[in-house]
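Working notes for the structure below.
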Amino acid sequence: MPVSNQIELRHLHYFLAVAEELHFRKAADKLFISQPGLSRQIKQLEELLGITLFERHNRDVKLTKAGAYLHAEISRNLSRLDGIFEHAKLLQDGKQGRLNFGYVGSAMQELIPKLLLAFEEEHPNVIFSLKEMDNQSQIDSLIAHDIDIGFVRLERVPRGLYFKQILKEPFCLVLPKDHPLDSSNFKSLTQLKNESFILFDPKYSTSYYEKVMQIFDDSGFSPIVSHNTIHADSIYSLIKNKFGVSIVPKSLQVGHDPGVKFIELSKIPQRTVLSMVWDPSNMNPSLEHFIKLIK
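Take the sequence shown: its letters are residues 2 to 296, numbered as in the numbering used here.
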């Protein structure tokens, strides 16, 4: 009989708990079983596999190389199994499936609602889950299959993920409503070199931040950056209260705070790109349908 037929799902959950805690008592408490019982289950799993999963030295517990490999692979594949079970339950309930989206804030202004409406016309029984996340959190969640699709502002993604550019747009200056500059008298960014700038935090997207810095480099000055944030609403609130000015993607004009105004920087070469990212190994059937819509 193959080893896989002798291993039960509980063995894998017990192994993952110890691998994550690296402490048998803490793992046992997490699983609501006794520590000796957990130790026996792990020993049984090691005997069935013929593999040493943990190095034990007194109270110190470490994964072996084989154990670390199995931890990564089992975590990923159990996540996929959970997704399969969830999809089967949705089918029983009369639904076609579920799609979990991650997105940067600017994608929700206009793009994602349009895409969801178009998709819903053809697939009315697919449930959507939407979560605003920074770029790196989306990448991590895609790899872990916690989300199915991400909308990011990145120039590149890790090997194994696919991404497709879906929007390329100019930047805009954001100023207080009563600022003396407007589209009629704005000539260049140097007119604002003594102003404080409120920018998206570099952690939001390093590549996006570098592109904004290129705009200043081309204008011949380094900006006075008074605040960094990851939320457009925070930027607008600070600008409205005269804490500074900003540069944002054009799409963030939609639904903006009435206390600010925009000047489109159409004459500069820099453009910001919004891309859709997904993991081709994700077996969610609804994902394939959504990708076809984008293509």
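Glycine residues also receive a C-beta, built at the ideal position from the N, C-alpha and C atoms. What you are looking at is a predicted structure, and each value in this text was computed from that prediction instead of being measured.
Item                                                                                                                                              : Value
Taking buried to mean at least 16 other C-beta atoms within 10 Å of its own C-beta, is ASN242 buried or exposed?                                  : exposed
With distances taken from CA atoms, which of LYS169, HIS180, PHE291 is nearest PHE244?                                                            : HIS180
Which runs of the beta strand (DSSP E) at least 3 residues long sit entirely within the region 25-76? Give them in chain order.                   : 55-58, 61-64
Candidates GLN254, SER206, LEU239, ILE225: which alpha carbon is nearest ILE274's?                                                                : Strictly speaking, residue 274 in this sequence is Val, with Ile absent from that position. With distances taken between Cα atoms, VAL274 lies closest to SER206.
Where do the N-terminal and C-terminal ends of the alpha helix (DSSP H) with ILE19 fall, by residue?                                              : What sits at residue 19 in the sequence shown is Val, not Ile. From DSSP, the alpha helix (DSSP H) with VAL19 extends over 10-22.
Name the one or two DSSP bridge partners that LEU131 has.                                                                                         : PHE102
Out of LEU193, ILE75, ALA20, point me to the one whose CA is closest to LEU174's CA.                                                              : LEU193
For GLN229, list the residues DSSP reports as bridge partners.                                                                                    : One detail in the question is off: residue 229 reads as Asn in this sequence, not Gln. Answer is LEU200, bridged to ASN229.
I'd like the list of long-range same chain contacts for ASN283, defined as Cβ closer than 7 Å, with 5 residues on each side in sequence excluded. : HIS146, ASP149
My parser needs the beta strand (DSSP E) runs of 3 or more residues fully inside the region 169-195; what are they?                               : 172-177
Hey, how far is the Cα of ASP234 from the Cα of SER138?                                                                                           : 20 Å
State yes or no: is the C-beta of LEU82 within less than 9 Å of the C-beta of HIS72?                                                              : no
What residues are listed by DSSP as bridge partners for GLU265?                                                                                   : CYS173
Looking at the structure shown, is GLY95 part of a helix, part of a strand, or coil, going by DSSP?                                               : Confidence at GLY95 is low in this model, with a pLDDT of 49, below 50, so the placement of that residue is unreliable and no value is reported for it.
Quick one: measure Cβ to Cβ for ILE43 and TYR15, integer angstroms, because I've assumed they're closer than 8 Å.                                 : 6 Å
Let me make sure I understand the geometry here. Which of PRO171, ASP280, ILE216 has the alpha-carbon closest to that of PHE263?                  : PRO171
Could you say which of GLY161, LEU190, ILE225, ILE75 lies nearest to LYS268 if we only look at CA atoms?                                          : LEU190
So, GLU21 versus ALA29, is the Cβ gap smaller than 9 Å?                                                                                           : no
Counting Cβ pairs, one atom from each stretch, are 3 or more of them under 8 Å apart for the region 101-112 and the region 148-165?               : yes
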